[in-house]
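J.: I'd like to ask some things about the structure below.
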Amino acid sequence: MVTKIQRWSAFHRAKLGRLHSHPVRKKFSRLILGSLFVLVLVAASAPALAAGEAIKGRLFVTIEAEREPVAGVVIEVTRDGTAIGSDISAEDGRWQVPVPESGTYEVRLDPSTLPEGLALTDPNRQVLPAVTVAEGKTKVVLFPLGEGLTSSVSTYERVATLFVAGLKLGAVIALSAVGLSLIYAVTGLVNFAHAEMVTLGAVLAYYFHTSSAGPRWPLLVAGVPAILLGAAFGWAQDRALWRPLRVRGMGVISMMVVSIGLSFALRHIILVLFGGQRRLYRDFTGQSPLEILGIPVVPKHIVTIIVAILVLGAVGLFLQKTKVGTALRAVSDDPDLSESSGINVNRVISLTWILAGGLAALGGAFFAANEAVQWDMGFRLLLLIFAAVVLGGLGTAYGAMLGGFVVGITVEMSTLFVASELKAAVGLALLIVMLLVRPQGLLGQRERIG
Amino acid sequence: MDFTLILRDGFLAMIGPVTAAYAISAISLNLQFGYTGLLNFGQVSFMLAGAYGTAITVDLGGSLWLGIGVGILTAVLLGLLLGLPTLRLRSDYLAITTIAVAEVLRLVVRSSWAEPFTNGVFGIQGFASAFFDLNPFPGGETYGVGSWLVTGRRLWVMIVGWTLVMIFVFLTRRLIRSPWGRVLRAVREDEDATSSLGKDVFGYKLQSLMLGGAIGAVSGILLAVEQQNVTPDAYLPNVTFILYVVVILGGAGTILGPVIGALVFQFLFFTFDALMASAQSDVDVVANLLSPAQAGQIKMVLVGIGLMVLMIYRPQGLAGDPSEVSLDAR
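Chains as they are written, first to last, in my numbering: chain A, 75 to 524; chain B, 5 to 334.
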């Protein structure tokens, strides 16, 4: 990253040397005569290398009617949420990302890599969600850019921005992970189908909020039935499937394999009903960021983080202060002893599933509001949820909360050092390392790991 | 709707090279999961290691045969690295770790960081010409009866594939009936008891994981060679889940179970696929209800339901012995 900034700075100094002793941002903008924007040079006539499909462009700014290439800007291409490739604009401003086949891709310009003084004119166009590449063609795309507030890339800003992104991801993971961990605590089941409870929350909120077939309520209203139905689904899942299996005396490992089948089936049912494409909520997409403590923060991210912390705090209070919460902890310690001391274990288990279903649905809705709804979104999150749960200690509610935030922050902050398409791998590496050094997790007890 | 054509599609898929590769991978998984009780949910990573080890070696200028050796060695090494830290953990931890390692491998292979070797999301193509140069059947010719035909190229891969299946079936048979195999089953049934007999439980588990890894690598190589193509996104966790369906369907902890499972699974899977595709195009009710894409996705729902139903009602599968299935033994 440093080298990119340095590279651009060289150009910056050559062109604007006399301004260098002044605060760059304001002076720079005054210099610009024409509208300052970065364009992508149309070069459709040039055939792509080896007839492979690609997306490309050329970034430059117009300064005093002269086009100056902008180097060192990161362009990322993804498809259905998975990274396809990225490129850094070269000295001549050119970038090109080959793609494996024709189809629709998402192209994103990483604004934090723009040189100081440059930014997107329209922050909502930072991501071009549907770039269609035709068979054998190179697609050229435009990024309408200009001067902006959020252009400088000091180390502080970069670190702080990633930290907020990590908190946001951590909030989603923690919300989803608590339920998984509690279910493990009371029943011993590692439930792979938890992923689909996350997806279900997002899809239900989509139905009540955005879908033309639904009532099209505002997202904040639509979230309520989504969470309630998510909780109901958790309860129903336990009553219809897991309780009968417990009664039959099925072991927890066999039940885990059943949950993999359930996860597989539910995921593809959602695929059949919802389709394979990424869909966005109507509300809160393309929010313009506020400047907080010198960094740009999108309001919905703050809401996600605050609501998640409040909800997790409430779960903590519920576990510590209420009678039912105490019963839940007792069952997680020793179901037989709890039963013999008069706790209705089945009711506690039902309640845990209701709680887990609701929390997972909430996590899913937040996840989708911050990114997009997709049929396998929960499954893509599942391994990070596992990482959080194992990191904190399998079966501990607070461990899952802590683990969620640790994993979220680690994953996002890791992009300081590794390519962004590897950030999920960093989260999983954290899981593996944790199992090596402290398998019981941060807050777990030794005897739990068997 | 022509049911003969539907059955033909299912049958030709069932005897095809992909089924042979699945059978080999299932044999490998059966050794680890069926006989040793290891809940390896990263089976696909061994296939990836084998396939990429081969493709990268050829890409760097090695011969295909050297590549196959490198691929198998890579998978054995992966088994060692995977097993050392995780085999002392309880089985659900092992499951989570192995699936995580498999995903990390896939993400690394497809990343721009590894691109100089793996070519990222595009993968590596055309590395197996040496294998097809040995093909005694003219590639353009077709063999079979009526419209039940396979090309010479496919026939060559099928013959090699099913020969490998037979070799591995006999190998498993010999191993399982040896003292070594009896210890494996003892580990599955009761680790503590086996340990108290002076057996190195950890060592046996590790050997099982590594040997299984080598066999898994062979299946990955076979698939990659057949398609002359490796791409990272062919190695999603779903492959492992499907292999579990195959093993449990056929019967975990039996010699022939994985092969029977692979044959039956592939036949049902592709017959159903052809049935849905043909119903979607020919039957108005279905066409109104489902798009072609949806008609193709329903089979995956059934795979999931199939795994649940099998686990709940018939964990020993088609050919299994209930006493050989003890997932929850200590």
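Note that beta-carbon positions come from the ideal geometry of N, C-alpha and C, so glycine has one too.
Would you say Ile327 of chain A reaches chain B, if we count a Cβ-Cβ gap shorter than 8 Å as a contact?
T.: Closer than 8 Å: yes.
J.: Counting only Cβ pairs nearer than 9 Å, list the residues of chain A close to Leu311 of chain B.
T.: Under the 9 Å cutoff, chain A gives Val331, Val332, Ile334, Gly335, Leu336, Phe338 and Ala339.
J.: Count the C-beta pairs between the segment 453-473 of chain A and the segment 365-377 of chain A that are closer than 8 Å, then say yes if the count reaches three, no if not.
T.: Verdict: no, contact absent.
J.: Counting contacts by CB-CB distance shorter than 8 Å, is His342 of chain A in contact with chain B?
T.: So, interface residue.
J.: For Phe237 of chain A and Gly482 of chain A, what's the separation of their Cα atoms in angstroms?
T.: Their backbone Cα atoms lie some 9 Å apart in a straight line.
J.: Using the C-alpha atoms, what's the distance from Leu213 of chain B back to Leu91 of chain B?
T.: For Leu91 of chain B and Leu213 of chain B, the distance between alpha carbons rounds to 9 Å.
J.: Any idea which residues DSSP pairs Phe134 of chain A with across the strands?
T.: Partner(s): A:Pro143.
J.: What are the residues that DSSP puts in a beta bridge with Ile128 of chain B?
T.: According to DSSP, which records beta bridges pairwise, Ile128 of chain B is partnered with B:Val234.
J.: Counting contacts by CB-CB distance shorter than 8 Å, is Ile302 of chain B in contact with chain A?
T.: Chain A, which has a Cβ nearer than 8 Å to the Cβ of Ile302 of chain B, makes this yes.
J.: Give the residues of chain B in contact with Phe348 of chain A, contact being defined as C-beta atoms less than 9 Å apart.
T.: Here the premise fails: no neighbours, minimum Cβ distance about 10 Å.
J.: According to DSSP, what are the bridge partners of Val149 of chain B?
T.: In the DSSP output, where bridge partners are listed per residue, Val149 of chain B has B:Trp152.
J.: Can the beta-carbon of Val151 of chain A be found less than 8 Å from the beta-carbon of Ile158 of chain A?
T.: For Val151 of chain A and Ile158 of chain A, yes; Cβs fall inside 8 Å.
J.: Nearest chain B C-beta to Gly159 of chain A closer than 8 Å, yes or no?
T.: Yes, contact with chain B.
J.: State the beta-bridge partners of Glu365 of chain A as determined by DSSP.
T.: Beta-bridge pairing links Glu365 of chain A to A:Pro370.
J.: Going along the chain, which unbroken runs of the beta strand (DSSP E) with 3 or more residues stay wholly within the segment 343-419 of chain A?
T.: With a minimum length of 3 residues, the continuous beta strand (DSSP E) runs that stay inside the segment 343-419 of chain A are 364-366 and 369-371.
J.: Buried or exposed: where does Gln519 of chain A fall if 16 or more other Cβ atoms within 10 Å of its Cβ makes it buried?
T.: With fewer than 16 other Cβ atoms within 10 Å, it is exposed.
J.: Say whether the segment 24-43 of chain B touches the segment 211-227 of chain B, bearing in mind that this needs 3 or more beta-carbon pairs closer than 8 Å, one atom from each stretch.
T.: Flag = yes, the segment 24-43 of chain B and the segment 211-227 of chain B touch.
J.: Distance, Cα to Cα, Gly360 of chain A vs Gly216 of chain B?
T.: Taking the straight line joining both Cα atoms gives about 50 Å.
J.: Cβ-heavy atom distance between Val405 of chain A and the ligand MG below 7 Å?
T.: You won't find the ligand MG in this model; it holds no ligand whatsoever.
J.: Whole angstroms is fine: what's the gap from Asp13 of chain B's alpha carbon to Thr258 of chain B's?
T.: Whole-angstrom Cα-Cα distance: 28 Å.
J.: Check each candidate in A:Pro185, A:Leu216 and A:Val181 and name the one with the smallest Cα separation from Pro203 of chain A.
T.: Checking every option, the nearest Cα to that of Pro203 of chain A belongs to A:Val181.
J.: In the DSSP assignment, what are the bridge partners of Pro172 of chain A?
T.: DSSP lists A:Ala128 as partners of Pro172 of chain A.
J.: At what residues does the beta strand (DSSP E) containing Val305 of chain B begin and finish?
T.: Careful: Val305 of chain B lies outside any beta strand (DSSP E), inside the alpha helix (DSSP H) at Pro296 to Tyr317.
J.: I need the boundaries of the alpha helix (DSSP H) containing Thr235 of chain A, first residue and last residue.
T.: Taken as a continuous stretch (DSSP letters only), the alpha helix (DSSP H) holding Thr235 of chain A covers Thr229 to Thr261.
J.: Is the shortest distance between the beta-carbon of Ser119 of chain A and the beta-carbons of chain B less than 8 Å?
T.: With a pLDDT of only 31 at Ser119 of chain A, under the threshold of 50, the placement of this residue in the model should not be trusted, and no figure is reported.
J.: Looking only at its own chain, which residues have a Cβ that is under 6 Å from the Cβ of Gly452 of chain A, when we skip the five neighbours before and after it?
T.: Only Ala269, Glu270, Val272 and Thr273 meet the Cβ criterion.
J.: Where does Ser46 of chain A land, buried or exposed, given buried means 16+ other C-beta within 10 angstroms?
T.: The question about residue 46 of chain A has no answer, for chain A in this structure spans 75 to 524.
J.: Going by beta-carbon coordinates alone, are Leu425 of chain A and Val398 of chain A separated by less than 8 Å?
T.: Yes, these two residues count as a Cβ contact at 8 Å.
J.: Using a Cβ-Cβ cut-off of less than 7 Å, list which residues of the segment 495-510 of chain A approach chain B; keep chain order.
T.: If the cut-off is 7 Å between Cβ atoms, the segment 495-510 of chain A has Glu495, Leu496, Ala498, Ala499, Leu502, Ala503, Leu505, Ile506, Leu509 and Leu510 near chain B.
J.: Asp325 of chain B versus chain A: which residues are under 7 Å apart at the beta carbon?
T.: Under the 7 Å cutoff, chain A gives no residues; its nearest Cβ is about 16 Å from Asp325 of chain B.
J.: Less than 8 Å between the CB atoms is what I'm expecting for Val125 of chain B and Leu502 of chain A, so what's the real figure, rounded?
T.: No, Val125 of chain B and Leu502 of chain A are not in contact; Cβ-Cβ is about 19 Å, not under 8 Å.
J.: How big is the Cα-Cα spacing for Phe136 of chain B and Pro21 of chain B?
T.: Distance between the alpha carbons of Phe136 of chain B and Pro21 of chain B: 14 Å.
J.: Under a CB-based cut-off of 8 Å, is Arg104 of chain A close to chain B?
T.: Only weak support exists for where Arg104 of chain A lies, its pLDDT of 38 falling under 50; the value from the coordinates is given anyway. It does not: the Cβ of Arg104 of chain A has no partner Cβ on chain B nearer than 8 Å.
J.: Which residue wins for smallest C-alpha separation from Gln200 of chain A, given the options A:Ile149, A:Tyr230 and A:Ser160?
T.: Selected option, being the one with the closest Cα: A:Ile149.
J.: Can you tell me which of the three DSSP states Glu328 of chain B falls into?
T.: Reduced to three states, the DSSP call for Glu328 of chain B is helix.
J.: Can you have a look at Asp312 of chain A and say buried or exposed, based on whether 16 or more other CB atoms are within 10 angstroms of its CB?
T.: It is buried - the Cβ of Asp312 of chain A has at least 16 other Cβ atoms within 10 Å.
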